[in-house]
Amino acid sequence: MSSHASTELPPHAQAVLAEVAPADLPRPELIGHRRDFAWITDKICSITEGPTPTWWWVAFGVACLVASFTVAGLVYLVATGVGVWGHANPVNWAWDIVNFVFWIGIGHAGTLISAILCLFRQKWRTSINRAAEAMTIFAVCCAGLFPLFHVGRVWWAWWLFPLPNANAIWPQFRSPLLWDVFAVSTYATVSTLFWYMGMIPDLATLRDRAKSKAKQIFYGLFAMGWRGSNRHWQNYEMAYLLLAALSTPLVLSVHTIVSFDFAVSLVPGWHTTIFPPYFVAGAIFSGFGMVLTLMLPLRAIYKLDDLITQYHIDCMCKITLATGSIVGYAYAMEFFIAWYGANPYEGFAFVNRAFGHYAWAYWIMISCNVITPQLFWFRKVRENTTLVWVLSIFVNVGMWFERFVIIVTSLARDYLPSSWGYYSPSVVELFTFFGTFGVFAVLFLLFLRFLPLMAMAEIKAVSPQADPHAGPDAPAHH
Amino acid sequence: MSEQIHGYLAAFDTPAEIMHAAEQVRDAGFQHWDVHTPFPVHGMDSAMGLKRSRVQRLTLLGGIAGFTTGMLMVWYMNAFDYPLIVGGKPLFSPLFAFPVAYELTILFAAFGTLGGMFLFNRLPMHYHPVMKAVQWPRATDDRFFIAIDADDPQFDADRTREFLQEIGGKDIAALEP
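Protein sequences, first through last, are from chains A and B.
Heads up, the first sequence is in the numbering used here, so the first residue is 11 and it goes up one at a time.
Heads up, the second sequence is in the numbering used here, so the first residue is 32 and it goes up one at a time.
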C-alpha cells in the first residue's frame, strides 16, 4: 500500500487524533480493599486453624440427626422391600429418580464454575470454585444413593458394572440407564480428582502453617510434598487446564445422558429432543441456586466480603438469570411443539401438567423457575443478599418440582386411560429424601472445618499485585 | 571447614523482582535451580527458559486408551461373548457404544492428566531440603524464592551467594541437605 503524506489527504479524510487508544474501562476489583497475599492466606487458613466455633457443632449435630433419616429410611427399605415406597403401577419412577436428577443437577454448577469458567478466563471464579466443587462431589454422593437403592436387590447392584458374574451375562449397553452408570461414575471420579489437584497448593500452605504434629502429618501427606516450584507449577497449570477442558464436555454429557433416561423412551412428555440442552441448562440453574444458598451465609459468617464481593454475587445472579431464562424458554418451546406437532398424546400430556391432578406442582415449578430468576435483572435485587438467598431457595425448590412434574405426570397419565393412576410419596421416601440434605450438610461441614474453603493460590494469582509487569500501585486490570 | 550444603535460598518480595532475577539466573547459565512461589507467576516459565509441559502426551494416551477400551468392551460384551439380540438391531454399533466410550475417554484422560502431573513433577516427594529453611513457610504464603542447588556445575559457595545478592535476593540462606 503506497503511503501518502498526511498533508496530501483532503481535510475530511485526515485523522482528528494523532493516535487512537481504547478507553481504559475501570474493572471491578476482584478483591476488596486491595488485600495483600498474607491477608488472603490468614483469612482462609484461620477458618481451619482456630478452635471449632459453637455454631459449627450445633449445625453438625443437626446435620447428623437429619442424615440419620436417610440411614434409617434406606435400612428399612433394604430390610423390608421396595414396597415401602409409594411406587405402584403406572408410576414406577417417582421421588427416587426425581431426587437423583435433583442432586446430580446441583452438582453441575460446581463443575461449570471450576472448568467452564476457567476456560472462559473468568477470574471471579477463584473465590467460589473450591466450595462449589466440594458441593458437586457431595451432591453426587447424595445423588448416587438413589439409583443404587432403587434397584430393590441392592446386593446385586454391582451387576450394573461390566464385571464377570455367576450368570455369565454382561450389562446391556444400549440402555441409557447403563450409560448413566458410566457417566455418573466418571463424573464423580473426575470431579474428585480435579478438586483434589486444585487443593494441593493450599494443603501445602496449611502444612507449612500447621502447629500440631497431627495437622502437619494430615496436610503434609495430602500435599504430596508440594513446594511451589515453578517447574511443578508449569505442569500443574497444564494439568489444570486439561482437566478443565475434559470436565467441560463431561458436565455437558452427564446431564445429557441423564436426560436420555427419559428422552429415549416413548412416554408422552418425555420423548422430545429438547431434553438434553434443557436438562443441562436446568442443572446449571439449580446448581447456581445451591451455590448461592451455600456461599451467602458463609460469606456472612466468615466475613468474606473482600473475597466474595458484590461483583461475584452479581455474576452468579446473572448466570442464574441466563440459565433460568433458557429453562423458561424450554418450557414454552415444549408446549408449542406439543401443540404444533399435532400428536394428541403429547398435547394431552402438557395440558394435563398445567390443569390435571398435579397442577399444583406445575404452577409451583413455573413461579419458582420462570418468574423468580427474572428478578435478577434488577440491581436492587442483586445487591440485597438476603433477598438473593431467599430467591436461591426458591430456585432449588422450583427445580425439584420440575423433575417431579416431568417424571410423575407423564407416568401417571400416559397412553391408555385404563393404566392411569395417582402417586403419593410414602413416609419412608420423605424421610429418605430430606435426610440427604443432612448427609450433604455433614459432608460440607466437615469440608469447612478441615479443608481450605477457597482456592488461596488461585485468588492470589488473579489479584492485581500478582502481575509481574505492573508497578506496585497497579490498578485492578483483568 | 567444609560443610555440605544443598544450595542457597534467596527471597524476593514481589513477582516483578523474582521474574527479573530468574531471567538473570537463566542467562547466567545455571541448570539446577528453581523458583518457589505461592502461586504461578505469569511469564515465569519463559523467564526460567523452561520447555513446554509434557503432561498433554499422557492425557492423549489416556484418552485414546479410554475410547478403545470402551468400544472394545461393548463389542466384546454385547456382540461377541454374549450377543444380545435387541429388536433385530445390529449386534454392535459405534452409535450405541458411543456414550460409554466417550465417558471412558474422559475418565482415562483425566487419570493420564493427573498421573502425568505427578509423574513429571516427581511427586509425591514429601521430603526436600528447601522446606527445612527457616524462611520456608512464607514460600507458600506471600514471598518468592530462588533456590540454586550445589550440584549445579556453575555453583560456587562464595560467588553464587554474591550473585544472588546482586540480582536482588534477600535473606540468603544455605540449605542443609
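Heads up, the beta-carbon is just placed ideally off N, CA and C, and yes, glycines get one too.
Keep in mind it's a predicted model, so treat the numbers as computed, not measured.
Among the CB atoms of chain B, none fall inside 7 Å of the CB of H265 (chain A). Secondary structure at L40 (chain A): coil, using DSSP grouped into helix, strand and coil. When CB distances to chain A are screened at a threshold of 9 Å, the residues of the stretch 84–95 of chain B falling below it are S84, R85, V86, Q87, T90 and G94, in chain order.
Not a single CB atom of chain A sits nearer than 7 Å to the CB of Y39 (chain B). Closer than 7 Å to the CB of P155 (chain B) there is at least one CB belonging to chain A. Bounds of the beta strand (DSSP E) holding W64 (chain B) are W64 to H67. Near chain A, meaning a CB-to-CB distance below 7 Å, the residues of the stretch 114–130 of chain B are L115, V117, F127, A128 and P130.
If one requires a minimum length of 4 residues, the alpha helix (DSSP H) runs lying completely within the stretch 46–122 of chain A are 47–59, 64–90 and 105–121, in chain order. With a 10 Å radius around the Cβ and a threshold of 16 neighbouring Cβ atoms, A47 (chain B) comes out buried.
Between the alpha carbons of T90 (chain B) and W106 (chain B) lies a distance of about 24 Å. Taking the beta carbon of L81 (chain B) as reference, the chain A residues within 8 Å of it are N240, R241 and Q244, listed in sequence order. Below the 7 Å Cβ cutoff, chain B contributes no neighbours of Q226 (chain A), its closest Cβ being approximately 11 Å away. Contact of M104 (chain B) with chain A by beta-carbon distance below 7 Å involves P172. When C-alpha distances from L75 (chain A) are compared across A:N99, A:F450 and A:G431, the shortest belongs to A:F450.
As computed with DSSP, F176 (chain B) is found in a beta bridge with B:A42 and B:H67.
Taking 7 Å as the CB threshold, T191 (chain B) stays off the interface with chain A.
Scanning B:I36, B:M50 and B:A41 for the CA closest to the CA of P478 (chain A) turns up B:M50. DSSP places L203 (chain A) in the helix class (H, G or I) of the three-state scheme. Residues of the stretch 64–77 of chain B with a C-beta less than 7 Å from any C-beta of chain A: D65, V66, H67, T68, P69, F70, P71, V72, H73, G74, M75 and D76, listed in chain order. Using a Cβ-Cβ cut-off of 7 Å, A193 (chain A) counts as an interface residue toward chain B, since at least one Cβ of chain B sits closer than that to its own.
Residue ranges of uninterrupted alpha helix (DSSP H) with 4 or more members, entirely inside the stretch 416–466 of chain A and ordered along the chain, are 437–460.
If you look at L206 (chain B), you'll find it in the beta strand (DSSP E) that goes K201 to L206. Contact annotation: L256 (chain A) and V290 (chain A) have beta-carbon atoms that are not nearer than 7 Å. With respect to A348 (chain A), F360 (chain A) sits close: the two C-beta atoms are nearer than 7 Å.
The beta carbon of I50 (chain A) lies closer than 8 Å to those of I41, L317, M466, I469, K470 and S473 in the same chain, with the five residues before and after it left out. Here S420 (chain A) is buried: its Cβ has 16 or more other Cβ atoms, across all protein chains shown, within 10 Å.
Around the Cβ of E207 (chain B), a 10 Å sphere holds fewer than 16 other Cβ atoms; the residue is exposed. Taking C-alpha positions only, G297 (chain A) is separated from Y288 (chain A) by approximately 14 Å.
Neighbours of T330 (chain A) in chain B, taken as residues whose beta carbon is under 8 Å from its own, are absent, since the nearest beta carbon is some 27 Å off. As the crow flies, the alpha-carbon of V194 (chain A) is around 15 Å from that of V108 (chain A). Counting only the Cα atoms, H43 (chain A) lies some 19 Å from I138 (chain A). At least 7 Å separates the beta-carbon of I267 (chain A) from that of A233 (chain A). Short of 6 Å from the beta carbon of G200 (chain B), and not among the five residues preceding or following it, lie these beta carbons of its own chain, in chain order: A41.
M464 (chain A) is positioned such that its CB atom lies closer than 7 Å to that of R140 (chain A). Residues of chain B with a Cβ closer than 8 Å to the Cβ of A48 (chain A) are, in chain order, D172 and D173. Between Y206 (chain A) and V264 (chain A), the beta carbon gap of about 19 Å keeps them out of contact (Cβ cut-off 8 Å).
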